Amino acid sequence: MSTLITNIAELMTQDLEHRVLKDAAMVIEGERIAWIGAAADAPAADGAVDAGGRAMLPGWVDSHSHLLFAGDRTAEFEARMAGEAYAAGGIAVTMNATRATSDFDLTRLAMGRVAEAVSQGTTYLETKTGYGLDVEHEARSARIASTIADQVTYLGAHLVPAGQDPETYTDLVCGPMLAAVRPYVQWADVFCEEGAFNAEQSRRVLMACRDAGLGLRVHGNQLGEGPGVQLAVELGAASVDHVNYLAPQDVKALAASWSGWDPATGTGHRGTVATCLPACDLSTRQPLAPARALLDAGVQVALASNCNPGTSYTSSMAFCVATAVLQMRLSVHEAVRAATYGGALALHKETGQDADGERAVGSIAVGHRADLHLLNAPSATHLAYRPGMPLTYAVWRAGVRAR
Ligand code: NIG
């Protein structure tokens, strides 16, 4: 079954040539994109959809979220708005509420959050464990996450639970807990920050997880300058996320990690993506991550929601894009790219073999997965020009209309 989507005012492909087509059309066939081009040249298809002069983008790729949680942290947010600083300790509040929640309810809550994200144009998402923090509950979170998200990250190293010795807990994360989550996860992450895990503990966790065959990600440089970025680059992590406080040598290391990569062909040696989380920066009143400087230095940048109950209770990628344009000084094209292709790069999904289940996401090109986001606006510029407006008009995920 093929469908022609025509009368697209602007088709922002985010492909390797960065093409933006005007008065365009596309054909999707099953789960894949089969054709794109000028509306006047469109081939026939089994069915047709009139995009009504709207703008089409790739679906958002949200490469950083924490959707497996229960409980509420409104009081902590209120205290923060009244002047208190964010501290990692709030994670324990969510850990207690999450442990006390049944499998059924935890699944239902997480599924509801995925549905919210999809309804706003997210078509591919990663989520993390990290609110279980013992073997039983981390394994449960990983198992449930694997049923609701596209990719799952093990974040047993989110916080050392109260009363536990940090070294002993790190051993647990590297040993029995890792073994228990391993069947369900593709990635491992560590919160490398004062008050969470120090450089040595973080290194230990990352190396054990790498030995177990997992790809690596790091929460780094969120609350102050620290070793997170350097560690991520040294160990070849796919991304380092937050990156609010960067020393010049951190930016240099991130840029150098991409020196063997050819952005024109999307081939070569991958570096470490810097994932900026603007909704979190605003919600914690941290300085915004220096996305402009990172791009100017040649770093590959992603934008993600970081949806979680403590620091960023939103899954709105459109909000992140608007903030990146209005406050971080990215162009609309750069911000949309970071929220689509950039996220896919951070999850190693920007290319595919065109075999079932291996299709690329995050850009619109023939053979890629038909993950599409039709805006109720004639151009993507409206995402920043009309911030906060509900601009999602239609969503296709793997060729299926999801909204
Ligand atoms: O990415 N920084 C660490 N983890 C989450 C916040 C977790 C929480 O406070 O519940 C984040 O911001």
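My numbering puts the first residue of the sequence shown at 1, with every later residue one more than the last. Glycine included, every Cβ here is placed at the ideal spot set by N, Cα and C. Predicted model, so just to flag it, every value in this text is computed and none were measured.
Just to confirm, are residue i and residue j a CB contact at a threshold of 9 Å?
i, j, result
"S363", "D15", "yes"
"V301", "W35", "no"
"T392", "G342", "no"
"A384", "V325", "yes"
"R143", "D189", "no"
"D241", "H269", "no"
"A117", "L125", "yes"
"M177", "D150", "no"
"I442", "L303", "Residue 442 falls outside the range modelled here, since the chain spans only 1 to 403, and no answer is possible."
"L235", "R204", "no"
"Y184", "N221", "no"
"A70", "A45", "no"
"V405", "T170", "Nothing about residue 405 can be read from this structure; the chain reaches only from 1 to 403."
"E194", "G224", "yes"
"M328", "P278", "yes"
"Q286", "Y86", "yes"
"V361", "S119", "no"
"H137", "I91", "no"
"C192", "L231", "yes"
"V299", "V321", "no"
"S65", "S305", "yes"
"L294", "T323", "no"
"C280", "S312", "yes"
"T6", "V49", "yes"
Give a single yes or no on whether residue i has its beta carbon closer than 8 Å to a heavy atom of the ligand NIG.
i, result
"H219", "yes"
"T74", "no"
"C276", "no"
"T314", "no"
"A302", "no"
"N308", "yes"
"T311", "yes"
"A451", "Not covered by the structure: residue 451. The range shown for the chain is 1 to 403."
"T94", "yes"
"G130", "yes"
"A88", "yes"
"P193", "What sits at residue 193 in the sequence shown is Glu, not Pro. Indeed, a heavy atom of the ligand NIG lies less than 8 Å from the Cβ."
"H368", "no"
"H269", "no"
"H137", "no"
"C320", "no"
"D62", "no"
"C209", "no"
"Q201", "no"
"D241", "yes"
"Q222", "yes"
"H66", "yes"
"H158", "yes"
"C280", "yes"
Please name the residue or residues paired with residue i in a DSSP beta bridge.
i, result
"F104", "BP columns for F104 are empty, so no partner."
"H219", "F191, D241"
"A232", "Note: A232 sits in no beta bridge, so no partner."
"S65", "C307"
"Q151", "E126"
"H373", "L57, V395"
"R359", "Per DSSP, none; premise fails for R359."
"F197", "C192"
"M12", "V20"
"W258", "DSSP, once it has assigned bridges, lists no residue as partnering W258."
"T3", "I28, G47"
"C276", "L303"
"T267", "D262"
"G37", "A25"
"V400", "R397"
"S312", "N308"
"A110", "Paired residues: none, contrary to the question."
"A157", "V190"
Is there a C-beta anywhere in chain C that falls below 9 Å from the one on residue i?
i, result
"T168", "In the displayed structure, chain C is absent; only one protein chain is listed."
What is the C-beta distance between residue i and residue j, in whole angstroms, given that I count them as a contact (C-beta under 8 Å)?
i, j, result
"M26", "V336", "Rounded, the Cβ-Cβ distance is 17 Å, inconsistent with contact."
"A9", "G53", "5 Å"
"T122", "S315", "7 Å"
"G213", "W187", "Contact doesn't hold; Cβ gap of about 11 Å is too wide."
"L347", "S2", "Rounded, the Cβ-Cβ distance is 28 Å, inconsistent with contact."
"G47", "T98", "Between T98 and G47 the Cβ distance is about 44 Å, and since that is not below 8 Å, they are no contact."
Are there any heavy atoms of the ligand ATP lying less than 8 Å away from the beta-carbon of residue i, as far as the coordinates show?
i, result
"I91", "No copy of the ligand ATP appears in this structure; the ligands present are the ligand NIG."
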